[in-house]
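A.B. asks:
Chains as they are written, first to last, in this note's numbering: chain A, 1 to 113; chain B, 114 to 229.
What follows is the structure in structure tokens.
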């Protein structure tokens, strides 16, 4: 039962354009969402997060949007840079004693120079 | 500030042999996680510690996997005996604990285990 889904295994975007990575979830108890970035042979590194009380959080070139009614979130990167090429994981957590992160399967983003 | 440190980085063993992984979390982080990441998948939680107490080990295959976090700091994860299907990257992570922003977990580089 995949509670966090990233349906696009890969995405290629031209340098300078916008990258949009999508994530869907099924567990309505999730109230905190995170995006992690992973380079080869390294552990995931935290990128940006959003609480369910918000619908948007922005940090520099990275913006995460949350649509609770659709159980959907997206990560926007603009402008995309070659260093953004990595695997991006969406993760979610629920409150009240269930602080573990549930991850999606990841989307491999390739920025084309 | 030092990040989460894991060792070894890589390990190749024959099936039925034992193996152990070590993790040193970020200083002050009460919560420690062990995740397993199979090829092409996201990390999946094996066990979560709050200080020295294992508060969620529901996904740990207890017949062959064991973990400990003595004194609530370092942790070891052991597999005995290893099976071919255990080949994966084992990730340790730590966080301040709690919910919301405190859930943000910091990951180590992982140990890539290959069972042959």
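Backbone N, C-alpha and C define an ideal beta-carbon position, used for all residues, glycine too. Since this is a predicted model, take the numbers as computed values, not measurements.
Identify whether residue 120 of chain B lies in helix, strand or coil by the three-state DSSP scheme.
C.D. replies: Residue state, collapsed to three classes: strand.
A.B. asks: Under three-state DSSP, which class holds residue 187 of chain B?
C.D. replies: In the structure shown, residue 187 of chain B sits in coil (DSSP, three-state: anything other than H, G, I, E or B).
A.B. asks: Could you tell me the distance, in whole angstroms, from the CA atom of residue 15 of chain A to the CA atom of residue 85 of chain A?
C.D. replies: Using only the alpha carbons, I get a separation of about 10 Å.
A.B. asks: Could you work out which residues of chain A lie near residue 218 of chain B, taking near to mean beta carbons separated by less than 8 Å?
C.D. replies: In chain order: 46, 101.
A.B. asks: Given a cut-off of 8 Å, decide if residue 32 of chain A and residue 92 of chain A are closer than it, judged by their beta-carbon atoms.
C.D. replies: Closer than 8 Å, so yes.
A.B. asks: I want to know whether the segment 61–75 of chain A touches the segment 12–28 of chain A - three or more CB-CB distances under 8 Å.
C.D. replies: Yes, they touch.
A.B. asks: Note down, in chain order, each residue of its chain lying with its Cβ closer than 8 Å to the Cβ of residue 170 of chain B, except the 5 sequence neighbours on either side.
C.D. replies: 159, 160, 161, 180.
A.B. asks: To the nearest angstrom, how far is it from the Cα of residue 196 of chain B to the Cα of residue 189 of chain B?
C.D. replies: Rounded to whole angstroms, residue 196 of chain B to residue 189 of chain B spans 19 Å at the Cα level.
A.B. asks: So which residues of chain B does residue 16 of chain A contact, with C-beta pairs closer than 7 Å?
C.D. replies: Neighbours of residue 16 of chain A on chain B: none; closest Cβ ~29 Å, over 7 Å.
A.B. asks: Assuming residue 225 of chain B is part of the beta strand (DSSP E), what are its boundary residues?
C.D. replies: Note, residue 225 of chain B: beta strand (DSSP E), 224–228.
A.B. asks: So residue 50 of chain A packs on residue 64 of chain A, CB below 8 Å; how close in whole Å?
C.D. replies: Sure, about 5 Å apart at Cβ, within 8 Å.
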